[in-house]
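**Q** Okay, here's the structure, questions in a sec.
Numbering (full-length UniProt numbering), first residue to last: 1 to 412.
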């Protein structure tokens with residue numbers, strides 16, 4: 001086990017309620033990793049985390065190279081479990097997710113929309129300075145900035161996900177993602193258990209309980225072999241899909257679901273085929289429109305690794321995407337943490353090994369300034385990658401601007 005010394009600096013400033021929230025955030029990290037936090041009210045020597053409230057929500061990254069304290073600043077507006085867990089992760093060595101060297105494969109930074117004094121927040125770190133622990137880029141990480149972070153104006157996006165259906169996944173501060181936890185355990189807890197269990201569905205041996213696997217959301221059991229049962233409702237489970245449409249819905253649809261209900265469906269197509277999902281009818285899940293962020297959501301995990309956070313759908317209006325799994329399995333998660341609402345209705349079926357297109361990405365920046373001829377482009381993915389589809393994977397938009405005329409050509 002790894003022991004971390006913590007110290008409450010200026011504890012007269014941190015009220016008892018605030019101290020309790022900090023303790024809950026540390027307890028959260030403790031319960032899901034091998035980390036132990038030892039509170040000290042004296043002035044301990046050597047590397048330690050010191051909580052104070054002098055500079056907003058802030059922390060440097062990793063332990064001090066000279067053995068000095070690592071200060072974590074938590075102003076009153078920062079006393080939320082998710083924010084504290086985020087800052088503690090910085091102190092323990094985590095960079096922001098969008099600072100990873102490989103981020104340009106997943107998000108496009110809109111430099112022109114970022115506040116002039118905040119552009120440094122979006123710089124990538126050097127590969128030698130980042131230990132990703134073998135964990136892939138995670139759009140659902142608690143360490144990822146939201147879509148409009150540090151924008152010059154409130155309605156401007158500073159980051160766009162290359163697959164647009166992930167846009168409302170980024171920026172959450174409610175809970176550690178499965179990959180956040182896995183990365184911390186990969187860095188600090190590799191040798192805690194004497195043997196590795198045959199975990200399924202992207203799970204791994206739990207360093208707190210070496211006889212069980214820690215499972216991605218939606219799975220449970222000693223080896224992650226079971227689908228998580230519904231919570232607060234009789235819903236979810238393993239569903240074998242055929243070539244005719246099968247309906248799945250939020251609890252009680254078209255009546256409203258209740259706050260706190262959760263459902264998990266594992267949709268399974270016949271061998272060699274894929275699962276297709278389409279939403280239809282009224283759709284409503286609570287979101288923060290200003291931040292383009294899901295609070296309650298339907299999440300679709302359709303990649304080859306169910307440990308990765310999926311596409312989250314929320315707000316009002318029925319999503320128009322036709323989603324196809326990369327393999328014969330698809331995981332659908334319904335999570336209502338904050339409010340009740342109308343919910344969702346979707347139809348699912350098995351389809352042959354043909355494939356489908358993802359949503360188009362946003363157009364890139366124009367390659368030329370005003371007065372010249374330039375191009376913008378956007379792309380979409382063939383799903384699964386080895387499928388054959390009719391159509392094009394790229395659209396080009398060509399502009400010519402001059403003082404007396406304007407020409408727009410759409411390459412479709």
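Think of the CB as a built atom: it goes at the ideal place given N, C-alpha and C, for glycine as much as any other residue.
1. Where are the alpha helix (DSSP H) runs, 4 residues long or more, that stay fully inside the region 28–95, in chain order?
2. Do residue 39 and the ligand MG come close, with the Cβ less than 6 Å from some heavy atom?
3. What three-state label does DSSP hand residue 171 in the structure shown?
4. Mind reading off the beta-carbon distance from residue 167 to residue 292? Whole number of angstroms is fine, and I expect it under 8 Å.
5. Contact between the region 324–339 and the region 177–185: three or more CB pairs below 8 Å?
6. Which residue's Cα is closest to the Cα of residue 30: 281, 70, 217 and 189?
7. If you check the beta carbons only, do residue 245 and residue 339 fall under 7 Å apart?
8. Alpha carbon to alpha carbon, how far is residue 259 from residue 237?
9. Locate the beta strand (DSSP E) running through residue 247, then write down its first and last residues.
10. So, does the region 94–111 touch the region 157–165, judging by three or more C-beta pairs under 8 Å?
11. Please give the ranges of any beta strand (DSSP E) in the region 174–239, keeping only runs that are unbroken, at least 3 residues long and fully inside the region.
12. Apart from the five residues just before and just after residue 315, which ones in its own chain have a Cβ nearer than 6 Å to its Cβ?
13. Per DSSP, residue 312 forms a beta bridge with which residues?
14. Would you decide whether residue 276 is buried or exposed? Buried here means 16 or more other CB atoms lie within 10 Å of its CB.
15. Any chance the region 47–62 sits against the region 192–209, with 3 or more Cβ pairs inside 8 Å?
16. With distances taken between CB atoms, is the gap from residue 225 to residue 335 smaller than 7 Å?
17. So what's residue 98 in DSSP terms, helix, strand or just coil?
18. Per DSSP, what kind of secondary structure is residue 342 in: helix, strand or coil?
19. Residue 262 lies in the beta strand (DSSP E); which residues open and close that run?
20. Buried or exposed: which applies to residue 88, given that a residue is buried once 16 or more other Cβ atoms fall within 10 Å of its Cβ?
21. Can we say the region 200–209 touches the region 116–126, given the rule of at least three CB pairs closer than 8 Å?
22. Among residues of its own chain, excluding the 5 on either side of residue 247, which ones have a beta-carbon nearer than 6 Å to its beta-carbon?
23. Please name the residue in 82, 21 and 120 whose C-alpha comes closest to that of residue 142.
24. So for residue 258, helix, strand or coil by DSSP?
25. Would you please state the rounded distance, in angstroms, between the beta carbons of residue 131 and residue 170? I believe it to be under 8 Å.
26. Between which residues of its own chain and residue 111 is the CB-CB distance below 7 Å, once the five residues before and five after are set aside?
27. For residue 417, count the other beta carbons within 10 Å of its own beta carbon; 16 or more makes it buried, fewer makes it exposed. Which is it?
28. At which residues does the beta strand (DSSP E) containing residue 108 begin and terminate?
29. Given that a residue counts as buried once 16 or more other Cβ atoms are within 10 Å of its Cβ, and exposed if not, what is residue 251?
30. Counting C-beta neighbours from all protein chains within 10 Å, is the total for residue 413 16 or more, i.e. buried, or is it exposed?
31. Could you pull the DSSP bridge partners for residue 159 from this structure?
32. For residue 358, count neighbouring Cβ atoms within 10 angstroms of its own Cβ and tell me buried if that reaches 16, exposed if not.
33. Taking the alpha-carbon of residue 39 as reference, which of 222, 53, 55 and 22 has the nearest alpha-carbon?
34. What is the residue span of the beta strand (DSSP E) that residue 334 lies within?
**A** Put simply:
1. 81–91
2. With respect to small molecules bound, the structure shown includes none, and the ligand MG cannot be examined in it.
3. coil
4. 6 Å
5. Contact fails: fewer than three Cβ-Cβ distances are below 8 Å.
6. 189
7. no
8. 20 Å
9. 246–249
10. Yes, they touch.
11. Whole beta strand (DSSP E) segments, 3+ residues: 204–206 and 209–214.
12. The residues are 287.
13. 299
14. buried
15. no
16. Residue 335 sits away from residue 225, with the two beta carbons spaced by 7 Å or more.
17. helix
18. Of the three classes helix, strand and coil, the one that applies to residue 342 here is coil, per DSSP.
19. 262–268
20. buried
21. no
22. 347
23. 82
24. The three-state secondary structure of residue 258, taken from DSSP, is coil.
25. The pair is not a contact, with the Cβ atoms about 22 Å apart (cut-off 8 Å).
26. 119
27. Residue numbering for the chain in the displayed model covers 1 to 412; residue 417 lies beyond these limits and cannot be assessed.
28. 107–109
29. buried
30. In the structure as shown, the chain begins at 1 and stops at 412. Residue 413 is therefore absent and cannot be evaluated.
31. 109
32. buried
33. 22
34. 329–335
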